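All letters in the sequence shown, in the order written, are residues 0 to 261 by numbering that gives the first Met the number 0.
By construction, the Cβ of each residue, glycine as well, lies at the ideal position given by its N, Cα and C atoms.
These figures come from a predicted structure and were not determined experimentally.
Take a look at the structure set out below.
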Amino acid sequence: MGRSVAILKLGGSVITYKDLPLTPNVRAIRNIAKAIPRDVVGRLVVVHGGGSFGHWAAKTYSLSSEDPFERAANFSVIRWAMESLNNVITKLLIEAGLPACSLQTSALVVNKSGEIGEARLEIVSRFLSMGLIPVMFGDAVLDSEAGFSIASGDSLCAQLVERLEAERVVFAVDVDGVYTSDPKTNPDAQLVKDLSVSSLSDIEIRSASSAYDVTGGMIKKLEEILSVVKKGAVVYVVNGFFPDRVRDALLGRKVIGTVIRR
Ligand code: ATP
Ligand code: IP8
0 MGRSVAILKL GGSVITYKDL PLTPNVRAIR NIAKAIPRDV VGRLVVVHGG GSFGHWAAKT
60 YSLSSEDPFE RAANFSVIRW AMESLNNVIT KLLIEAGLPA CSLQTSALVV NKSGEIGEAR
120 LEIVSRFLSM GLIPVMFGDA VLDSEAGFSI ASGDSLCAQL VERLEAERVV FAVDVDGVYT
180 SDPKTNPDAQ LVKDLSVSSL SDIEIRSASS AYDVTGGMIK KLEEILSVVK KGAVVYVVNG
240 FFPDRVRDAL LGRKVIGTVI RR
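Put into structure tokens, the structure is as follows:
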């Protein structure tokens, strides 16, 4: 595809009320949808997280239950929860006039021991070449070792960067960017405006954002960001509650947030 593709990862902390099961933040999603510039259509992939849909479902319906029937039934509930959230997001993107089209992650990805193993992502470039915006998501997927596991939206972004040779990835989260430590628990935390691979390890990440984040919160996110940056993309971490920042980051403009380069 060449280095013009952008990936927008909509964090669960923005698109849902993380502590209210199965509750989307419709206003936040709608505002971001309206801010997506039309000139990125055909070179934009949207990926969203699980928030109070996927993470809540994965905590409540365990994929490691002893009983195989119960395990399969739990898998189907988590998948249903993610489809439900994806439906809301896709609908709001369409209402904003965008050619958004859902692509089910679990039909394209098979995990191996909890990490993405196979990822048949050729179809994503085909959707892009037809002028569509694929809308993908962290999902419950089959796992060649564990039976079932979770593929996070962040690790899907890392795969997409490699396959599409994406130019930039914008992570929309509920804080202004990456801080020296968690800004929600440390009032002295400082926003880090520019980061490189070598300085990433200096960031202290105190905790995951919610009691039921099953995919590792900010710690795991920074690991995925590291792998994205090493593959040559520039990463922006911005506050998704400020849609103008999301738009400016998608366009590669100067923005309040954190920019991470190789
Ligand atoms: P998901 O990956 O489930 O879609 P998300 O993308 O919204 O969720 P989180 O995993 O919730 O992102 O990570 C964002 C949270 O990380 C913030 O709400 C913040 O409280 C927490 N956090 C922890 N350490 C830091 C840090 N050093 N800088 C910024 N945020 C941090
Ligand atoms: O919120 C997790 O995706 P993430 C998806 O991007 C599920 O980590 C099903 C919990």
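Looking from the CA of F136, the closest CA among N85, F147 and E164 belongs to N85. Apart from sequence neighbours up to five positions away, the residues of its chain that approach N73 with a beta-carbon distance below 7 angstroms are Y60, S61, L62 and S64, ordered along the chain. Contact annotation, G49 with G11: C-beta distance approximately 5 angstroms; criterion of less than 8 angstroms satisfied. When beta bridges are read from the DSSP output, T15 appears opposite P23. Shown here, L9 sits in a strand according to DSSP, grouped into three states. For S75, the Cβ stays outside the 7 angstroms cut-off from all heavy atoms of the ligand IP8. Looking at the DSSP output, D66 sits in no beta bridge, so it has no partner there.
For V234, there is no enclosing alpha helix (DSSP H); the residue is found in the beta strand (DSSP E) stretching over V233 to N238. Comparing C-alpha distances from G130 to each of K229, G256, R246 and D38 shows the shortest one belongs to D38. Short note on M81: C-beta closer than 7 angstroms to some heavy atom of the ligand IP8.
Annotated three-state conformation of E114 is strand, per DSSP. Setting aside the 5 residues that flank it on each side, E161 is surrounded in the same chain by K230, each with a C-beta closer than 7 angstroms to its C-beta; the list follows chain order. For C156, the CB contacts under 7 angstroms within the same chain, skipping 5 residues up- and downstream, are I6, K8, V46, V168, E223 and V227 in chain order.
Residue side-chain check: K58 keeps its Cβ at 7 angstroms or more from all non-hydrogen atoms of the ligand ATP. D173 has no beta-bridge partner at all, per DSSP. A distance criterion of 7 angstroms places the beta-carbon of Y178 in contact range of the ligand ATP, judged by its closest non-hydrogen atom. Counting the other Cβ atoms within 10 Å of the Cβ of S51 gives 16 or more, which makes it buried.
By the neighbour-count criterion, in which a residue is buried when 16 or more other Cβ atoms sit within 10 angstroms of its Cβ, L19 is exposed. Distance from the CA atom of K219 to the CA atom of P98, rounded to whole angstroms, is 31 angstroms. Beta-bridge partners assigned by DSSP to Y178: L190. Going by beta carbons, D138 and M81 fall inside the 8 angstroms limit.
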